[in-house]
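**Student:** Okay, here's the structure, questions in a sec.
There are 2 protein chains.
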Amino acid sequence: MANIKEIARVAGVSITTVSRVLNNHPYVSKEKRAAVLHTIEQLNYTRNMNAVHLITGRTKAIAVILPYIHFFYFSVIVEGLAREALLAQYRLILCQTDYRPEEELKVLDMLRNKEIDGVIIVSTALQPEVIEEYTAYGPIVTCQDSGERRFSSVYIEHYSAFRHGLEYLAAKGYHNIGYCEGRKHGSSSSIRQSAYRDFLAETELPFLEEWMIFDCITEEDGAAVLHRLLNMTKRPDAIIISGDHVAAGLIIEAQKHNLRIPADLAIIGFDNQPIGRLLGITTIDNQLFEMGACAFRIIHDQINGDGGPPVHLKLEYSIIERLTV
Amino acid sequence: MANIKEIARVAGVSITTVSRVLNNHPYVSKEKRAAVLHTIEQLNYTRNMNAVHLITGRTKAIAVILPYIHFFYFSVIVEGLAREALLAQYRLILCQTDYRPEEELKVLDMLRNKEIDGVIIVSTALQPEVIEEYTAYGPIVTCQDSGERRFSSVYIEHYSAFRHGLEYLAAKGYHNIGYCEGRKHGSSSSIRQSAYRDFLAETELPFLEEWMIFDCITEEDGAAVLHRLLNMTKRPDAIIISGDHVAAGLIIEAQKHNLRIPADLAIIGFDNQPIGRLLGITTIDNQLFEMGACAFRIIHDQINGDGGPPVHLKLEYSIIERLTV
DNA sequence: ACTTGCTGTGAAATCCATTCCATATTTTAT
DNA sequence: ATAAAATATGGAATGGATTTCACAGCAAGT
Numbered sequence: 012m013a014n015i016k017e018i019a020r021v022a023g024v025s026i027t028t029v030s031r032v033l034n035n036h037p038y039v040s041k042e043k044r045a046a047v048l049h050t051i052e053q054l055n056y057t058r059n060m061n062a063v064h065l066i067t068g069r070t071k072a073i074a075v076i077l078p079y080i081h082f083f084y085f086s087v088i089v090e091g092l093a094r095e096a097l098l099a100q101y102r103l104i105l106c107q108t109d110y111r112p113e114e115e116l117k118v119l120d121m122l123r124n125k126e127i128d129g130v131i132i133v134s135t136a137l138q139p140e141v142i143e144e145y146t147a148y149g150p151i152v153t154c155q156d157s158g159e160r161r162f163s164s165v166y167i168e169h170y171s172a173f174r175h176g177l178e179y180l181a182a183k184g185y186h187n188i189g190y191c192e193g194r195k196h197g198s199s200s201s202i203r204q205s206a207y208r209d210f211l212a213e214t215e216l217p218f219l220e221e222w223m224i225f226d227c228i229t230e231e232d233g234a235a236v237l238h239r240l241l242n243m244t245k246r247p248d249a250i251i252i253s254g255d256h257v258a259a260g261l262i263i264e265a266q267k268h269n270l271r272i273p274a275d276l277a278i279i280g281f282d283n284q285p286i287g288r289l290l291g292i293t294t295i296d297n298q299l300f301e302m303g304a305c306a307f308r309i310i311h312d313q314i315n316g317d318g319g320p321p322v323h324l325k326l327e328y329s330i331i332e333r334l335t336v
Numbered sequence: 012m013a014n015i016k017e018i019a020r021v022a023g024v025s026i027t028t029v030s031r032v033l034n035n036h037p038y039v040s041k042e043k044r045a046a047v048l049h050t051i052e053q054l055n056y057t058r059n060m061n062a063v064h065l066i067t068g069r070t071k072a073i074a075v076i077l078p079y080i081h082f083f084y085f086s087v088i089v090e091g092l093a094r095e096a097l098l099a100q101y102r103l104i105l106c107q108t109d110y111r112p113e114e115e116l117k118v119l120d121m122l123r124n125k126e127i128d129g130v131i132i133v134s135t136a137l138q139p140e141v142i143e144e145y146t147a148y149g150p151i152v153t154c155q156d157s158g159e160r161r162f163s164s165v166y167i168e169h170y171s172a173f174r175h176g177l178e179y180l181a182a183k184g185y186h187n188i189g190y191c192e193g194r195k196h197g198s199s200s201s202i203r204q205s206a207y208r209d210f211l212a213e214t215e216l217p218f219l220e221e222w223m224i225f226d227c228i229t230e231e232d233g234a235a236v237l238h239r240l241l242n243m244t245k246r247p248d249a250i251i252i253s254g255d256h257v258a259a260g261l262i263i264e265a266q267k268h269n270l271r272i273p274a275d276l277a278i279i280g281f282d283n284q285p286i287g288r289l290l291g292i293t294t295i296d297n298q299l300f301e302m303g304a305c306a307f308r309i310i311h312d313q314i315n316g317d318g319g320p321p322v323h324l325k326l327e328y329s330i331i332e333r334l335t336v
């Protein structure tokens with residue numbers, strides 16, 4: 012396979028000149044440029060990018076850490092990332108780590124290894140302190156609210172968004188409010204739990220341990236929630252659910268059992284998913300696509316700019332009123 | 012930043028010895044190994060992987076070409092890919108190309124550039140002939156039925172699967188069968204269209220141009236389909252829809268308009284999505300996760316094995332009978 | 001006529017690890 | 001005791017580009 016040296020030899024110029032042509036540098040005469048381009052064509056030459064990466068110390072690649080890709084939440088964020096990456100001609104390395112810390116650390120090590128120019132953490136099992144140690148090796152952006160860390164973040168305020176949802180339900184006259192969550196442990200999950208507990212405590216609304224339902228990941232988990240609700244001696248009259256698809260599961264199952272929404276059970280979801288739009292689910296929009304897009308733009312700026320202080324960008328959520336409250 | 016030379020100097024050994032330790036090669040004395048490891052620790056050294064990639068000519072990275080990630084179909088295939096990639100300790104480079112040929116070609120060029128060890132094409136706008144030209148530079152696997160090409164593939168037989176669905180509807184007594192498709196142009200889309208036309212022609216069932224409905228991508232497109240159906244003078248009594256989420260949109264909208272499923276309209280979907288399970292949609296399961304997993308295993312074998320002839324792996328689909336037919 | 005600045009060109013250093021080859025020492029087999 | 005094999009180690013070539021530096025020629029400014 013031809014290399015730059017070969018091109019130089021055949022074209023009768025120096026290696027430097029070939030490199031200049033390759034990189035569109037000035038100060039190459041028309042004749043030599045043409046000769047080089049012709050030789051490149053003729054020998055079917057392409058640059059070995061690994062050599063370029065080695066000498067430049069850049070790869071135009073960014074790693075994305077997330078646990079799974081086939082969840083709506085993650086896939087929309089990645090969609091936002093990918094759109095911007097395409098525009099900026101960067102590569103995204105999808106590092107699906109299943110929330111395994113050792114795998115996530117391997118990805119951060121890629122930053123030390125110079126394999127990548129930055130890391131975008133969509134969701135992680137790692138502590139912020141651990142992530143901070145890697146800021147020495149390159150820019151890192153999270154899509155979680157991690158406080159004033161040495162790495163950047165794009166986030167919505169889950170505490171506030173969640174409370175807003177609860178206040179909305181309370182204002183509509185619902186006083187027995189349940190709560191559905193995905194993972195029990197997890198940074199934004201914990202924030203939402205505190206918001207829930209704090210709100211109920213402050214407003215002196217009833218709090219039952221069994222009204223906090225965890226591990227609701229899929230549509231079918233949502234359907235299962237209905238049966239748990241039906242078996243309760245005291246049942247909530249409203250429920251806040253992280254994920255419209257889970258809410259959809261609950262609603263569809265509720266229809267089968269003639270439970271009226273919102274008369275018997277009010278529901279507010281999250282993520283503003285298409286299925287929620289269709290079913291008329293009242294939801295909290297958290298700008299997932301925009302979050303991905305912003306995360307990319309931030310890291311891109313940090314890679315190509317001054318590499319100044321970390322950016323903390325708060326996105327605004329909004330409650331979309333529909334028919335389930 | 013420390014490099015291997017520095018480690019060798021400080022540890023008082025040769026560069027070769029450091030490399031041996033790094034790569035777990037035999038023939039290094041306990042003492043020297045310990046000294047090297049200690050120095051590595053002390054100087055906080057890590058390999059520059061770009062140098063490794065350059066000299067070895069391998070990157071343990073595989074590019075994945077697809078148009079969007081936030082569609083169920085693609086995200087589940089990628090989930091399958093990612094699981095296997097994690098096991099094999101390979102990196103996936105997500106190349107979301109929006110079906111732009113020029114971007115897809117750039118990805119294939121990465122194979123020439125030695126940036127990646129292989130390419131998995133989940134869905135593409137390129138012609139098979141174009142893809143074949145790149146097989147010279149490394150292994151390529153598609154998740155589409157492309158015939159006996161010089162690149163590998165994992166696929167289900169869309170023609171046969173689609174006909175099977177139609178036969179199933181016909182056998183159940185439905186004779187006016189409509190058809191909902193995502194993109195009008197596209198390789199598996201065209202195959203399904205032929206299957207539809209062929210079947211109707213052969214069985215002499217009624218064929219109306221307006222019963223072929225295209226650009227049904229989202230749940231909401233599915234809902235829109237209902238309104239098109241309602242406005243038809245002659246309406247199909249059954250419909251086959253590529254994508255359960257689109258079917259779900261149609262079904263949910265149908266409920267709102269008191270159209271009974273399947274009495275007024277039978278529906279068969281594709282992909283065996285969770286939302287379909289929940290709504291009891293009869294569907295054709297096309298093993299998306301498995302398709303991704305197999306695609307990865309095939310390319311992994313080709314990279315690390317003999318690099319023999321292309322593999323063409325056919326996966327079996329199955330009709331899952333539920334309540335909408 | 002003379003400095004300054006721009007254009008054009010190439011030699012050589014650099015990025016950093018892997019690996020082939022040569023050599024030295026020690027162990028095992030005959 | 002001696003040949004053969006295994007262990008241990010390092011020198012130097014290699015992979016393929018970018019970039020700094022030095023220098024030459026030529027046009028413009030004073």
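Residue numbers (my numbering), protein chains in the order written: chain A, 12 to 336; chain S, 12 to 336. Built from N, CA and C at the ideal position, the CB exists for glycine as well.
1) Under the assumption that Ile88(A) contacts Leu299(A) (Cβ atoms under 8 Å), give the Cβ distance between them as a whole number of angstroms.
2) Who are Asp296(A)'s beta bridge partners in DSSP?
3) Can you tell me which of the three DSSP states Thr57(A) falls into?
4) Taking the straight line between their C-alpha atoms, what separation do you get for Met121(A) and Trp222(A)?
5) Pull the bridge partners of Arg250(A) from the DSSP assignment, please.
6) Which residues in the same chain have their Cβ closer than 7 Å to the Cβ of Arg308(A), if we skip the five residues on either side of it in sequence?
7) Where Glu144(S) and Pro78(A) are concerned, what is the direct C-alpha to C-alpha distance, given to the nearest angstrom?
8) Would you say Pro247(S) faces chain A, with C-beta separation under 9 Å as the test?
9) Given Tyr38(A), which residues of its chain have a CB within under 8 Å of its CB, disregarding the five upstream and five downstream residues?
10) Who are the near neighbours of Gly280(S) in its chain, counting only those whose CB is closer than 6 Å to its CB and skipping five residues on each side?
11) So, Val165(S) versus Thr146(S), is the Cβ gap smaller than 9 Å?
12) For Gly189(A), collect the residues of the same chain with a Cβ closer than 6 Å to its Cβ; drop the 5 residues on either side in sequence, then sort them by chain order.
13) So which residues of chain S does Leu340(A) contact, with C-beta pairs closer than 9 Å?
14) If you run the structure through DSSP and keep just helix, strand and coil, what is Arg20(A)?
15) Which residues in chain A have a C-beta closer than 8 Å to the C-beta of Lys125(S)? List them in chain order.
16) Could you tell me which of Gly260(S), Arg58(S), Val322(S), Ala277(S) sits nearest to Cys305(S), measuring between CA atoms?
17) Taking CB distances under 9 Å as the criterion, tell me whether Gly280(S) reaches chain A.
18) Can you tell me the Cα-Cα spacing of Glu332(S) and Glu168(S), whole angstroms?
19) Assign Asp128(A) to one of two classes, buried (16 or more other C-beta atoms within 10 Å of its C-beta) or exposed (fewer than that).
20) May I ask you to list the residues that DSSP assigns as paired with Met223(A)?
21) Assign Gly149(S) to buried or exposed, taking buried as 16 or more other Cβ atoms, counted over all protein chains shown, within 10 Å of its Cβ.
22) What residues from chain A crowd round Ala93(S), counting only those whose CB sits closer than 7 Å?
23) Answer with buried or exposed for Arg208(A), where buried requires no fewer than 16 other C-beta atoms within 10 angstroms of its C-beta.
24) For Leu137(A), which residues in the same chain have their Cβ closer than 7 Å to its Cβ, ignoring the five residues on either side in sequence?
25) Taking the straight line between their C-alpha atoms, what separation do you get for Leu334(S) and Gln266(A)?
26) Rounded to whole angstroms, what is the Cα-Cα separation between His64(A) and Ile263(A)?
27) What do you get for Asn34(S), buried or exposed, if any count of 16 or more other CB atoms within 10 angstroms of its CB means buried?
28) Could you give the DSSP three-state label for Leu290(A): helix, strand or coil?
29) Between Asn342(A) and Thr135(S), which are expected to be in contact by the criterion C-beta below 8 Å, what is the C-beta distance as a whole number of angstroms?
30) List the residues of chain A whose Cβ lies closer than 8 Å to the Cβ of Ile290(S), in chain order.
31) Out of curiosity, what's the CA-to-CA distance linking Ile310(S) and Ala206(A)?
32) Find the residues of chain A that neighbour Ala234(S), judging by a C-beta separation of less than 8 Å, and give them in chain order.
33) Do you know how far the Cα of Thr108(S) is from the Cα of Phe173(S)?
34) For Ser198(S), which three-state DSSP category applies?
35) According to DSSP, His323(A) sits in a beta bridge with which residue or residues?
36) Counting contacts by CB-CB distance shorter than 9 Å, is Asp255(A) in contact with chain S?
**Tutor:** Answer, in terms of the structure:
1) Start at 1 with the first residue of the first sequence, and residue 88(A) comes out as number 77. Start at 1 with the first residue of the first sequence, and residue 299(A) comes out as number 288. Indeed, because the Cβ distance is near 5 Å, the residues count as touching under 8 Å.
2) For this step, residue 296(A) is matched to residue 285 along the first sequence. Partner(s): Ser329(A).
3) Sequence index remark: in the first sequence, residue 57(A) carries index 46 (1-based). Three-state DSSP puts Thr57(A) in coil, outside helix and strand.
4) Within the first sequence, numbered from 1, the residue matching residue 121(A) stands at position 110. Within the first sequence, numbered from 1, the residue matching residue 222(A) stands at position 211. Their Cα atoms are separated by approximately 43 Å.
5) Taking the first sequence and counting its residues from 1, one reaches residue 250(A) at position 239. For the record, residue 250(A) in the displayed sequence is Ile; it is not Arg. Answer is Gly189(A), Ile278(A).
6) Translated into the one-based positions of the first sequence, residue 308(A) becomes position 297. Excluding positions up to five away in sequence, the list reads Glu95.
7) Here residue 144(S) is taken as the residue at index 133 of the second sequence, counted from 1. Here residue 78(A) is taken as the residue at index 67 of the first sequence, counted from 1. Cα-Cα distance, rounded: 35 Å.
8) For the purposes of this step, residue 247(S) is identified with residue 236 of the second sequence, where counting begins at 1. For Pro247(S), no Cβ of chain A is located within less than 9 Å of the residue's own Cβ.
9) Sequence index remark: in the first sequence, residue 38(A) carries index 27 (1-based). Arg31, listed in sequence order.
10) Locating residue 280(S) in the second sequence gives position 269, counting from the first residue. Once the five neighbours on either side are set aside, the close Cβ partners of Gly280(S) are Ile252, Asp255, Ala258, Gly287, Ile292, Thr294.
11) Along the second sequence, one-based indexing puts residue 165(S) at 154. Along the second sequence, one-based indexing puts residue 146(S) at 135. No; because the gap between Cβ atoms is not below 9 Å, this pair is not in contact.
12) Indexing the first sequence from 1 puts residue 189(A) at position 178. Trp222, Pro247, Ile250.
13) There is simply no residue 340(A) to check, as chain A begins at 12 and stops at 336 in what is shown.
14) Locating residue 20(A) in the first sequence gives position 9, counting from the first residue. Reduced to three states, the DSSP call for Arg20(A) is helix.
15) For the purposes of this step, residue 125(S) is taken as the residue at position 114 of the second sequence. Close to Lys125(S), with beta-carbon spacing below 8 Å, are these residues of chain A in chain order: Asn59, Met60, Asn61.
16) If you number the second sequence from 1, residue 305(S) lands on position 294. For Cys305(S), the nearest C-alpha among the options comes from Val322(S).
17) Reading the second sequence from its first residue, position 269 is the one you call residue 280(S). No, Gly280(S) lies away from the interface with chain A (no Cβ there is under 9 Å from its Cβ).
18) In the second sequence, the residue the question calls residue 332(S) occupies position 321. In the second sequence, the residue the question calls residue 168(S) occupies position 157. Between Glu332(S) and Glu168(S), the C-alpha separation is close to 19 Å.
19) In the first sequence, counting from the first residue as 1, residue 128(A) sits at position 117. Its Cβ being crowded by 16 or more others within 10 Å, Asp128(A) is buried.
20) As a position in the first sequence, residue 223(A) is number 212, starting the count at 1. DSSP, once it has assigned bridges, lists Tyr190(A) as partnering Met223(A).
21) Working through the second sequence from its first residue, we reach residue 149(S) at position 138. It is buried - the Cβ of Gly149(S) has at least 16 other Cβ atoms within 10 Å.
22) Along the second sequence, one-based indexing puts residue 93(S) at 82. Those within 7 Å of Ala93(S) in chain A are Ile80, Leu105, Gln107.
23) Numbered from its first residue, the first sequence carries residue 208(A) at position 197. Arg208(A) is exposed by the Cβ-count criterion.
24) Here residue 137(A) corresponds to residue number 126 of the first sequence, with the count starting at 1. Same-chain partners within the cutoff: Pro112, Glu115.
25) In the second sequence, counting from the first residue as 1, residue 334(S) sits at position 323. In the first sequence, counting from the first residue as 1, residue 266(A) sits at position 255. Taken atom to atom, the span from the alpha-carbon of Leu334(S) to that of Gln266(A) is near 15 Å.
26) Your numbering for residue 64(A) matches position 53 in the first sequence. Your numbering for residue 263(A) matches position 252 in the first sequence. Rounded to the nearest angstrom, the two C-alpha atoms are 52 Å apart.
27) The residue labelled residue 34(S) in the question sits at position 23 within the second sequence. With fewer than 16 other Cβ atoms within 10 Å, it is exposed.
28) Along the first sequence, read from residue 1 onward, the residue named residue 290(A) stands at position 279. It is helical.
29) For residue 342(A) there is no data in the structure shown, the boundaries of chain A being 12 and 336.
30) Here residue 290(S) corresponds to residue number 279 of the second sequence, with the count starting at 1. Note that residue 290(S) is Leu in the sequence shown here, rather than Ile. Within 8 Å Cβ-Cβ: Ile263.
31) The sequence position of residue 310(S) within the second sequence is 299, counting from 1. The sequence position of residue 206(A) within the first sequence is 195, counting from 1. C-alpha separation (whole angstroms): 47 Å.
32) The residue you call residue 234(S) lines up with position 223 of the second sequence. For Ala234(S), the chain A residues whose C-beta falls within less than 8 Å of its own C-beta are Leu289, listed in chain order.
33) Residue 173(S) sits at position 162 when you count from the first residue of the second sequence. Residue 108(S) sits at position 97 when you count from the first residue of the second sequence. The C-alpha of Phe173(S) lies about 27 Å from the C-alpha of Thr108(S).
34) Numbered from its first residue, the second sequence carries residue 198(S) at position 187. The answer is helix: DSSP assigns Ser198(S) an H, G or I state.
35) Sequence index remark: in the first sequence, residue 323(A) carries index 312 (1-based). Beta-bridge pairing links His323(A) to Ser164(A).
36) Along the first sequence, one-based indexing puts residue 255(A) at 244. Under the 9 Å criterion on CB atoms, Asp255(A) is classed as non-interfacial with respect to chain S.
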